[in-house]
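Comments concern the structure below.
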Amino acid sequence: MKQKIYLVALLLLVFSGSGVMAQKTTGGGELKVMTYNVLKGFSGAQSLKDKFVTWISKDVPDIIVYEELSRFNDGMLSDLCKEFGHRYTAFFDTKSGFPVGISSKYPINNIQRIKEDFHHGVMMAKVLDYNIVVLHLSPFSWEKRYDEIGKIVQRLQTLPAGEKTLVMGDFNARSPLDSMVYNANPEVLERAVKAKSKNINNEGKYDYTVIEQMSKAGFIDCLKQLNSAFEYTCPTPLYASASIDGRSRIDYIWASPALKSQLKKCEVSRNWYTDFLSDHYPVLLTLTH
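Here the sequence shown is numbered in the UniProt record's numbering, starting from 1 and rising by one per residue.
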């Protein structure tokens, strides 16, 4: 009788252990992470939320961070994400009208919501052994964005060396690595200067200092690291006025140096769904895990 009890206990231990291993290795040794500015909470339209669920359910990323969750609250984000298998969510109502959020297949721990000195706020959390940072930098001036990203970098530099960190979101800022594309059309720059664009510095040129701070801090621009060609993230065809001249890359996923060997694929997800769900396209990173 005792032998049977021991055998049952051993089998329970083995199967429970295999369940934990299965959770950690979901996706055949890959981890997929996505950032998406969803344009005022999918413009508040249930039809767009339904289309998002239909699309994302085809290949669900492990972790998604969201910007512009307008017209959402904590419960609404949770309910939406459960429809495609994300049991865990974190929501930050930044009181700017543009909340940010995280959803995940795995528990979200150590959640920090930081509003002071940030127009839209910043949320940091831990998923598995990854630090996840979701941000939406100020749209109003490059100087404010420069100040905001400087504070974020300072906070990240307090993390222990070798930490796996992903910084994602709408930076509202252009990268110097894309400058050849932007500078190829001086007429666009001239129009931006006349319109007093928030991406134009005091010298009448595109500002790149916001993004340069991330590079100088040692973070890796995942999309550019894995793609030599210019990949824009907005606008989408949702806007009839969208043109080649107006294309820019302001949505990013940045990885700490500890993740360099795990970077496998990074892409802007363009398809029939994402063409019309938002004015931004989502950026998707695949890591070996």
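Note that beta-carbon positions come from the ideal geometry of N, C-alpha and C, so glycine has one too.
Boundaries (first-last residue) of the beta strand (DSSP E) holding residue i
i	result
F92	Y88 to F92
V134	Y130 to H136
L166	K164 to D170
A125	V122 to V127
A255	D251 to A255
S104	V100 to S104
Contact under 8 Å by Cβ, residue i with residue j
i	j	result
G41	E83	no
G121	S96	yes
I250	T233	yes
G169	V134	yes
G101	Y130	no
V181	F230	yes
A255	L166	yes
W142	V210	yes
Q213	I108	no
K32	T286	yes
S138	F98	no
F171	T236	no
L80	K126	no
S248	R174	yes
S103	L77	yes
N37	H280	yes
N73	F91	yes
As assigned by DSSP and simplified to three states, the class of residue i
i	result
P176	helix
N37	strand
S215	helix
A229	coil
S261	helix
Q112	strand
R270	coil
K24	The predicted position of K24 is uncertain, since its pLDDT is 47 and thus under 50; a value taken from the coordinates is nonetheless stated next. Reduced to three states, the DSSP call for K24 is helix.
L284	strand
F276	helix
D221	strand
K194	helix
V60	coil
Expected contact under 8 Å - CB spacing of residue i and residue j to nearest Å
i	j	result
L39	S278	4 Å
L226	L263	6 Å
I220	I132	With 8 Å as the limit, I220 and I132 do not qualify as a contact, their Cβ atoms being about 16 Å apart.
P186	Y208	With a Cβ gap of about 17 Å, P186 and Y208 do not count as contacting.
P282	M34	5 Å
K51	Y239	Not a contact, Cβ separation roughly 17 Å.
D117	K164	No, D117 and K164 are not in contact; Cβ-Cβ is about 26 Å, not under 8 Å.
K115	H86	Their Cβ separation, rounded to whole angstroms, is 24 Å, which puts K115 and H86 out of contact at 8 Å.
A217	V268	The pair is not a contact, with the Cβ atoms about 24 Å apart (cut-off 8 Å).
Bounding residues of the alpha helix (DSSP H) (the contiguous stretch that carries residue i)
i	result
W55	Q46 to I56
S78	D74 to K82
G150	W142 to L156
Chain B contact for residue i (CB, 8 Å cutoff)
i	result
K265	Absent from the structure is chain B; it holds one protein chain and no more.
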